[in-house]
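**Q** The sequence shown lines up with residues 1 to 333 when you count with the UniProt record's numbering.
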Amino acid sequence: MRAHDLSAGDDVLARVHEAARKAVRIHGLPGAEITLINVSENATYRVDDPATGERFVLRVHRLGYHSTQAILSELDWLEALREEAGVRTPRVLPSPGGSRVLTVLGAEPRDCVMFEFLPGTEPSQDRLVPDFERLGAITARMHRHARSWRRPAGFTRFHWDYEAALGAESRWGRWQDGAGVGVEALAVLGRMDKELRERLHWFGRDPGRYGLIHADLRPANLLVAGDEPPSVIDFDDCGFGWYLYDLAAAVSFVEHHPQVPEMIAAWVRGYRTVLDLPAEDEAEIWTFIMFRRLLLVAWIGTHTGVEIAAELGAGYTEGTCELAERYLSGPSR
């Protein structure tokens, strides 16, 4: 099965749906209703138990993306953040046998994880700037914890460095194969790729700049309920990368939005209430935004069955070229 198997068609989704049903039965919820919430790297379901009125979230992992040990490592950090850093994350609900990761057997064994259902909704568009200030503070708390946390034996997560994202590994595919990458796009994005590679090499991987990160801290992965600090969900992409990548991920798909400079400034203000952010690091924020943007061009090209990828398509590549020209124009970007 291809690495991006969940975007491969209805037949794959039917098998994933059956795995979800099996996982729910094993968890002792035979009469529960399951509703597909979204499909991206994995399939995420809402699970409603009519007998008790309780609600849960079930994640069915795609094939070949994470090992079981890597998923357990993700859950270790998610739980440590909640218990040690005061970051609200969903509790993991083990199977009756005590396993946090349940492997559903079949022709294609799939790992599944059941989480508590947290209250709240995605931050609203009219509160992006104040919410980004809160997001900056939460992100800094996560980074502070990551720097001091003693990771358990066997902890393993992949990296989001240049080679993994855009280089030899190209985890989400090659940007050169993205939607609408023709001759002109290839030229401008190629120049930006070279610039990014050089600047990231110069920036380096000092422990103050590079460590364990969420790697997908978009508003879609935050839940806001009243005046409580947002909850953080979906740690599936967490791994080792530049801390500023978490800011870049926060503006995924809206990098061109006129409010982005205000959102960045708010994030930085919030971050600095918890951790220092040196001026020379702040000066490279757009390097990481464009690094993430180019990675998303690749992602869209290999995830054509995912709704947002199909919706953005070649238009996202065109917008990336415009942002790339601005980025390459110099320090005034």
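In this text, a Cβ means the ideal position worked out from N, Cα and C, and glycines have one as well.
Bear in mind that the values here come from a model prediction, so they are computed numbers and not experimental data.
According to DSSP, is Val232 part of a helix, a strand, or is it coil?
**A** Translated into the one-based positions of the sequence shown, residue 232 becomes position 232. Of the three classes helix, strand and coil, the one that applies to Val232 here is strand, per DSSP.
**Q** Since Trp242 sits in a beta bridge, which residues does DSSP pair it with?
**A** Counted from its first residue, the sequence shown places residue 242 at position 242. Its beta-bridge partners are Tyr210.
**Q** Drop a sphere of 10 angstroms on the beta-carbon of Thr273, count the other beta-carbons inside from all chains shown, and report buried for 16 or more, exposed for fewer.
**A** Indexing the sequence shown from 1 puts residue 273 at position 273. That one is exposed.
**Q** One question on the structure: do Pro219 and Pro123 come within less than 7 angstroms of each other, judged by their Cβ atoms?
**A** For the purposes of this step, residue 219 is taken as the residue at position 219 of the sequence shown. For the purposes of this step, residue 123 is taken as the residue at position 123 of the sequence shown. Yes.
**Q** Checking the sheet assignment: what are the DSSP bridge partners for Asp111?
**A** What you label residue 111 is simply residue 111 of the sequence shown in a count that begins at 1. For Asp111, which the question treats as bridged, DSSP gives the partners Thr103.
**Q** May I ask which residues mark the beginning and end of the alpha helix (DSSP H) holding Tyr327?
**A** Within the sequence shown, residue 327 is the residue found at index 327, counting from 1. First-last of the alpha helix (DSSP H) with Tyr327: Glu307 to Leu328.
**Q** Taking all protein chains shown into account, decide if Ala107 is buried (16 or more other Cβ within 10 angstroms of its Cβ) or exposed.
**A** Looking up residue 107 in the sequence shown gives position 107. The residue in question, Ala107, is exposed, as its Cβ has fewer than 16 Cβ neighbours within 10 Å.
**Q** Output needed for Tyr327: all residues of its chain with C-beta closer than 7 angstroms, excluding positions within five of it in sequence on either side, in chain order.
**A** One-based indexing of the sequence shown puts residue 327 at position 327. For Tyr327, where only same-chain residues beyond five positions count, the Cβ hits under 7 angstroms are Met192, Trp286, Met290 and Arg333.
**Q** Looking at Lys22: is its Cβ nearer than 7 angstroms to the Cβ of Val104?
**A** Position 22 of the sequence shown, counted from the start, is the residue given in the question as residue 22. Position 104 of the sequence shown, counted from the start, is the residue given in the question as residue 104. In contact: Lys22 and Val104 (Cβ atoms closer than 7 angstroms).
**Q** Please check the pair Arg141 and Ala80, which I expect to be a contact at CB under 8 angstroms, by giving their CB distance rounded to whole angstroms.
**A** Counted from its first residue, the sequence shown places residue 141 at position 141. Counted from its first residue, the sequence shown places residue 80 at position 80. Between Ala80 and Arg141 the Cβ distance is about 12 angstroms, and since that is not below 8 angstroms, they are no contact.
**Q** Using the three-state DSSP reduction, which class does Ala14 fall into: helix, strand or coil?
**A** Position 14 of the sequence shown, counted from the start, is the residue given in the question as residue 14. Three-state DSSP puts Ala14 in a helix.
**Q** For the segment 270-308, which segments carrying the alpha helix (DSSP H) assignment without a break, of at least 4 residues, lie completely within its bounds, in sequence order?
**A** Counting whole runs of 4 or more residues, the segment 270-308 contains the alpha helix (DSSP H) stretches 279-282 and 285-302.
**Q** If you draw a straight line from the C-alpha of Tyr316 to the C-alpha of Arg197, how long is it?
**A** Numbered from 1 along the sequence shown, position 316 holds the residue referred to as residue 316. Numbered from 1 along the sequence shown, position 197 holds the residue referred to as residue 197. C-alpha separation (whole angstroms): 21 angstroms.
**Q** Would you please state the rounded distance, in angstroms, between the beta carbons of His214 and Phe235? I believe it to be under 8 angstroms.
**A** Locating residue 214 in the sequence shown gives position 214, counting from the first residue. Locating residue 235 in the sequence shown gives position 235, counting from the first residue. That pair is a contact at about 6 angstroms.
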